[in-house]
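**Student:** Going by the working numbering, the first residue of the sequence shown is number 2, and it counts up by one from there. Glycine included, each C-beta is placed from N, C-alpha and C at the ideal position.
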Amino acid sequence: MKKYLVAILTLILFFTSSTSVYAKHRQVLGIQDQNVNIPPTVEGPGIFLPDSPFFFLDELKQNIRMAFVFTPEDKAKIYTSIAGERMAELRFMIAKKNLPGIRTDMEGIADNFKKAADQVEFAKMSGKNVTALAKEVNDKIKEKQNVLDELHIQSQGELEGSTKSVSDSLSIAKTKVENSLNLADLENEINDDILRDAEMEIHETSEFAGELRNTLIDLQEEASRSAKESQKNRIEVLKKIIQEKDDQAKKEQERKIELEKIDNEKLWKMQTEAVDSAREMVEQAQKTSRKFEELKVKTFD
2 MKKYLVAILT
12 LILFFTSSTS
22 VYAKHRQVLG
32 IQDQNVNIPP
42 TVEGPGIFLP
52 DSPFFFLDEL
62 KQNIRMAFVF
72 TPEDKAKIYT
82 SIAGERMAEL
92 RFMIAKKNLP
102 GIRTDMEGIA
112 DNFKKAADQV
122 EFAKMSGKNV
132 TALAKEVNDK
142 IKEKQNVLDE
152 LHIQSQGELE
162 GSTKSVSDSL
172 SIAKTKVENS
182 LNLADLENEI
192 NDDILRDAEM
202 EIHETSEFAG
212 ELRNTLIDLQ
222 EEASRSAKES
232 QKNRIEVLKK
242 IIQEKDDQAK
252 KEQERKIELE
262 KIDNEKLWKM
272 QTEAVDSARE
282 MVEQAQKTSR
292 KFEELKVKTF
302 D
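(1) Count the CB pairs spanning the segment 111–122 and the segment 150–158 that are closer than 8 Å, and state whether there are at least three.
(2) Using three-state DSSP, classify N183 as helix, strand or coil.
(3) On a CA-only basis, which of T164, R197, V178, K270 is nearest M126? Give me that one, please.
(4) Would you say the segment 155–163 touches the segment 178–192, given that touching needs at least three Cβ pairs under 8 Å?
(5) In chain order, what residues of the same chain have a beta carbon less than 8 Å from the beta carbon of L171, not counting five sequence neighbours either side?
(6) Would you report the Cα separation of S168 and V43, rounded to the nearest angstrom?
(7) Would the beta-carbon of F49 fall within 7 Å of that of L58?
(8) May I ask which residues mark the beginning and end of the alpha helix (DSSP H) holding I154?
(9) Buried or exposed, going by whether 16 or more other CB atoms sit within 10 Å of the CB of D193?
(10) What is the DSSP secondary structure of D106, reduced to helix, strand or coil?
(11) Between T164, F71, A84, S278, which lies nearest to R104 when the distance is taken from Cα to Cα?
(12) Rounded to whole angstroms, what is the Cα-Cα separation between N189 and E137?
(13) How long is the line joining the alpha carbons of P54 and T81, rounded to whole angstroms?
(14) Buried or exposed, going by whether 16 or more other CB atoms sit within 10 Å of the CB of N139?
And the structure:
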């Protein structure tokens with residue numbers, strides 16, 4: 002058993018940092034968006050529920066009950082009973098998705114169990130043997146903790162936060178009551194508390210892993226979209242560069258053709274001038290040859 006508890010404690014320490022991060026990633030939902038429920042409780046609800054305009058009469062009834070009890074033991078039992086009524090009412094408020102009513106019952110559960118634990122402590126301080134009373138109150142707190150744990154697992158957002166807050170408050174009250182248990186019961190309760198904490202931590206970590214996996218999938222999809230957009234932009238840039246290069250190459254080709262045209266014109270002009278010059282030289286040579294023939298004829302005649 003001790004080895005199992007050590008292993009569980011190791012898991013708690015290992016997963017504590019993960020669950021603290023997980024709280025930042027949980028989706029925040031309103032009570033209207035959730036489908037949660039809790040099992041029936043042993044106690045029944047009061048005559049008027051928190052969403053009734055006459056709910057103050059129920060609170061008045063509880064105050065009158067407390068006015069007629071004087072011992073810490075009796076007060077502890079009445080506070081425990083009232084906490085049970087609030088838990089029964091909470092089931093109806095959750096079914097109605099009435100958030101103000103849920104808050105009222107959550108506060109009532111935490112407040113009345115705290116007062117019950119205080120009365121058990123007062124009775125012990127007065128020198129009375131309260132082991133039986135402590136076990137009775139402790140069992141009731143543990144019973145309500147189990148219900149709240151189930152609710153916590155199902156809920157999200159503000160409802161999840163409220164459930165966690167009340168459950169933590171009950172843990173404080175339970176610890177105070179446990180100090181009045183006999184040693185055997187105390188050891189059993191400590192083991193049960195460790196196992197309960199471990200189960201909740203493992204649940205939180207499991208959900209965190211699922212949420213983290215979904216976040217990674219979203220990031221991968223976003224990265225894929227970004228990569229596609231980046232690739233599209235790169236293609237457009239490359240097309241633009243190619244077009245600019247094509248335009249530049251085209252201009253270079255046109256310039257080359259233009260230069261070749263100019264060079265050809267210059268060459269043609271030079272060739273024309275050379276032909277004209279040669280023609281003139283030929284005509285001059287022919288003219289000179291004719292004059293020479295004429296002169297030769299006149300001389301020999």
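**Tutor:** Judging by the given coordinates:
(1) no
(2) coil
(3) V178
(4) At 8 Å Cβ cutoff, the stretches do not touch.
(5) I110, A111, F114, I142, K145, Q146, L149
(6) 19 Å
(7) Yes, Cβ-Cβ distance for F49 and L58 is below 7 Å.
(8) Segment 132–155, the alpha helix (DSSP H) holding I154.
(9) Exposed, since its Cβ has fewer than 16 Cβ neighbours within 10 Å.
(10) helix
(11) T164
(12) 15 Å
(13) For P54 and T81, the distance between alpha carbons rounds to 25 Å.
(14) buried
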